[in-house]
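Engineer:
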Amino acid sequence: MSEDKLALARTLGPVVTVNAAAPDAVDQVRALTNGGADFAFEMAGSVRALEAAWKMTRRGGTTVTAGLPPPDAALAVNVVSLVGEERTLKGSYIGTCVPSRDIPRYVALYRQGRLPVDRLMSGVIPLDDINTGFDRLHAGEVVRLVVRP
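Residue numbers for the sequence shown follow the working numbering, beginning at 17 and rising by one.
Right under this line is the structure:
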């Protein structure tokens, strides 16, 4: 939903990109995927983005959210499309991570150059600036920040 973040995403290897903020983003994705994506992922904690991901998912497809919106956020889902189109809506907390298994895999992928963590890091901030860092994340100004003591 951000042109800056979409530009970064384009450098990471996608074949096609669509800006989710475009008024016809759902139609674009459905056209590019012949009716909708098998899997659509929402990672920003935005109900608006999750609604779009749900609409971009095809019959029998799965929409996954790992973003954490504000505690009072709610998603309205058309139950007929959930049941009648046999779609799945799934939450994923920390990627359903098993640290003892996954962290060594992530480190190996990073060392192989296949997990570009450095390119996703927007900067380093001191611990004293953590609230400002959260504000910048919330505003969509940065991708990820590293906090140092």
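Here a beta-carbon is modelled for each residue, glycine too, at the ideal position from N, C-alpha and C.
Bear in mind the structure is a predicted one, so any value in this text is a computation, not a measurement.
Going by C-alpha to C-alpha distance, which of 72, 31, 60 and 40 sits closest to residue 51?
Structural biologist: Among 72, 31, 60 and 40, the Cα nearest to that of residue 51 belongs to 72.
Engineer: Would you mind listing the alpha helix (DSSP H) stretches within the stretch 68–106 that are 4+ residues and don't spill past its ends, in chain order?
Structural biologist: As far as the stretch 68–106 is concerned, its whole alpha helix (DSSP H) runs of at least 4 residues are 95–100.
Engineer: Can you tell me whether residue 103 is buried or exposed? The criterion is at least 16 other CB atoms within 10 Å of its CB, across all chains shown.
Structural biologist: Residue 103 comes out buried.
Engineer: Mind checking who residue 163 pairs with in its DSSP beta bridge?
Structural biologist: According to DSSP, residue 163 bridges with 141.
Engineer: In the DSSP assignment, what are the bridge partners of residue 56?
Structural biologist: According to DSSP, which records beta bridges pairwise, residue 56 is partnered with 79.
Engineer: Exposed or buried, which one is residue 84 when buried takes at least 16 other CB atoms within 10 Å?
Structural biologist: Exposed: under 16 other Cβ atoms inside 10 Å.
Engineer: Within the same chain, show all residues whose beta-carbon is closer than 7 Å to that of residue 32, passing over the 5 residues directly before and after it, in chain order.
Structural biologist: Closer than 7 Å at the Cβ level, and outside the excluded window around residue 32, lie 48.
Engineer: Can you find at least 3 beta carbon pairs, one from the stretch 34–45 and one from the stretch 64–81, that sit closer than 8 Å?
Structural biologist: Verdict: yes, contact present.
Engineer: Under 9 Å, do residue 1 and residue 141 count as touching if we go by C-beta distance?
Structural biologist: Nothing can be reported for residue 1, as the shown portion of the chain is limited to 17 through 165.
Engineer: CB residue 81 to CB residue 105, shorter than 9 Å?
Structural biologist: Yes, they are a contact pair.
Engineer: Hey, residue 28 and residue 135: beta-carbon distance below 9 Å or not?
Structural biologist: Yes.
Engineer: Ignore the nearest five residues each way along the sequence and tell me which others in residue 111's own chain have a CB closer than 7 Å to its CB.
Structural biologist: Closer than 7 Å at Cβ, skipping near neighbours: 82.
Engineer: So, with DSSP's three-state summary, where would you put residue 44?
Structural biologist: Note: residue 44 maps to helix in three-state DSSP.
Engineer: What does a CB cutoff of less than 6 Å around residue 54 pick up in its chain, not counting 5 residues either side in sequence?
Structural biologist: Only 77 meet the Cβ criterion.
Engineer: May I ask which residues mark the beginning and end of the alpha helix (DSSP H) holding residue 126?
Structural biologist: Start and end: 115–127.
Engineer: Is residue 112 helix, strand or coil by DSSP?
Structural biologist: In the structure shown, residue 112 sits in a helix (DSSP, three-state: H, G or I).
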